[in-house]
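Numbered according to mature numbering (1 follows the signal peptide of the UniProt record, and there is no 0), the sequence shown spans residues -21 to -1, 1 to 311.
Glycine included, every Cβ here is placed at the ideal spot set by N, Cα and C.
The model shown is predicted, which means the values in this text are computed figures rather than measured ones.
The structure under discussion appears below in the form of structure tokens.
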Amino acid sequence: MRSLLAVLACIGSICAGAAYAADAPKEAPKDIVLKGDAKCTSCHDEADAPGVLHIGKTKHGTRADGRTPTCSDCHGDSEKHVNYKGSDKPPKPDRTFDKKSATPVAERNAACLSCHQTDPKRHLWAGSTHERRDVACSSCHDTHTANDKVRDKRTQAEVCFACHKEQRTQVNRPSHHPIPEGKMSCSDCHNPHGTTGPKLLVKDSTNATCFTCHAEKRGPFVHNHAPVTEDCANCHNPHGTVADAMLKARPPFLCQQCHDPANHLGTIPGVAGNTDLSRNVNGTVIPGQAAVQNNALNSVGVTQGRGCLNCHTEIHGSNNPANASKAVRFWR
């Protein structure tokens, strides 16, 4: 009898303890990374495949900064996602940023611009090339990782080349800026978030952008080379070429796109045969050339051993006539 009473008393105490535990208030989940993130991190913990908690290693996870956003600032309140009790996968948050996201690009970008619109490097996003072509911020940036590829000089080009495949080919040519070597990045010359200059250049013109590094080409010179003053890209392809110094073509072929070799009649050895320098190849008379035809070799517009840079060494501009070197001139 005593043993039975003891058993009943034990069962009663267990039941009472269980009832007390059921009535006791549950401890509220605590924030792990961001303020108010408990409702997210109660499910999205360190074992979560997308690595949500990795945001704590980024600037977006700096709790000491009052500007740091919360989960809901970017993803919305997402009540259906948070309160879903079914056994299947819960519905997506109000805003998602992955590559397969159904959230419109403009809405995704608006979430980012709510903070970054006033940033001096991003305030020209509206109307920029990337904005007009529906490029999302998340197409280039990875928010939940400390190693955002587009923010690393060594890996940034990989992100850009995913769309700009022509530039990938050019950068891998023999003469190129040291982008593959990781010494330069695309953002050294371009601001993908928008600029007032052409082709999203960081300065207002091609020349101003080039001169940030190549200051010795800026001048001023007494004698400026007109194509240089106009646009460095007249002669150079900044992404890379097969010619030295990223020239679009090798000299003298590049020079002769503008400068007719006939300008050197009588001063540079030419092709023997036609010594009548008073006429063009097609037989038309050249004014003023008859007086020198007996004192010069033939030239039909194609000179032998052409080397413009032998004399014209300062092609970007100089204080000597015709951008020539300080050596003795060869004029007659």
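By alpha-carbon distance to residue 227, the top candidate from 194, 183, 290, 153 is 153.
CA-to-CA, the gap between residue 109 and residue 25 works out to about 35 Å. If you look at residue 145, you'll find it in the alpha helix (DSSP H) that goes 144 to 150.
Between the region 174 to 189 and the region 114 to 126 there are fewer than three inter-stretch CB-CB distances shorter than 8 Å, so the stretches are not counted as touching. Assignment of residue 161 by DSSP, reduced to helix, strand and coil, places it in the coil class. When the Cα atoms are used, residue 187 and residue 30 turn out to be separated by approximately 42 Å.
For the pair residue 70 and residue 163, the Cα-to-Cα distance works out to about 43 Å.
When DSSP states are grouped into helix, strand and coil, residue 186 belongs to the helix group. A distance below 9 Å separates the beta carbons of residue 100 and residue 172. The straight-line gap separating the alpha-carbon atoms of residue 17 and residue 8 is approximately 6 Å. Restricting attention to 176, 287, 147, the CA atom closest to the CA of residue 239 is found in 287. Taking a cut-off of 8 Å for Cβ pairs, the region 146 to 160 and the region 80 to 88 do not touch, as fewer than three such pairs fall below it.
DSSP, reduced to helix, strand and coil, places residue 20 within a helical segment of the structure shown. Scanning 90, 290, 22, 217 for the CA closest to the CA of residue 51 turns up 90. 208 is the residue among 204, 113, 208 whose C-alpha sits nearest the C-alpha of residue 189. Take residue 41, set aside five residues on each side of it, and the residues of its chain with a beta-carbon closer than 7 Å to its own are 47, in chain order. The closest CA to that of residue 35, considering only 122, 210, 298, is found on 122. Here residue 215 is bridged, per DSSP, to 226. Partner residues in a beta bridge of residue 75, as assigned by DSSP, do not exist.
Residue 220 is classed as buried because its beta carbon has at least 16 other beta carbons within 10 Å across all chains shown. The residue among 14, 49, 296, 38 with its C-alpha nearest the C-alpha of residue 194 is 296. For residue 103, the secondary structure class from DSSP, reduced to helix, strand or coil, is coil.
Take residue 12, set aside five residues on each side of it, and the residues of its chain with a beta-carbon closer than 8 Å to its own are 20, 32, 34, 35, 40, 42, in chain order.
Residue state for residue 296 is assigned as strand, using DSSP reduced to three classes. DSSP places residue 60 inside the alpha helix (DSSP H), whose first and last residues are 58 to 61. Around residue 203, the same chain offers 296 as residues with beta carbons nearer than 6 Å, after the five sequence neighbours per side are excluded. Classified as exposed, residue 133 has fewer than 16 neighbouring CB atoms from the shown chains inside 10 Å of its CB. Between the alpha carbons of residue 10 and residue 62 lies a gap of roughly 18 Å. In the three-state DSSP reduction, residue 169 falls in the strand class (E or B). Distance from the Cα of residue 23 is smallest, within the candidate group 72, 140, 44, 211, for 72. Rounded to the nearest angstrom, the gap between the Cα atoms of residue 129 and residue 66 is 38 Å. Rounded to the nearest whole angstrom, the C-alpha separation of residue 223 and residue 213 is 15 Å.
For residue 206, the enclosing alpha helix (DSSP H) begins and ends at 205 to 209.
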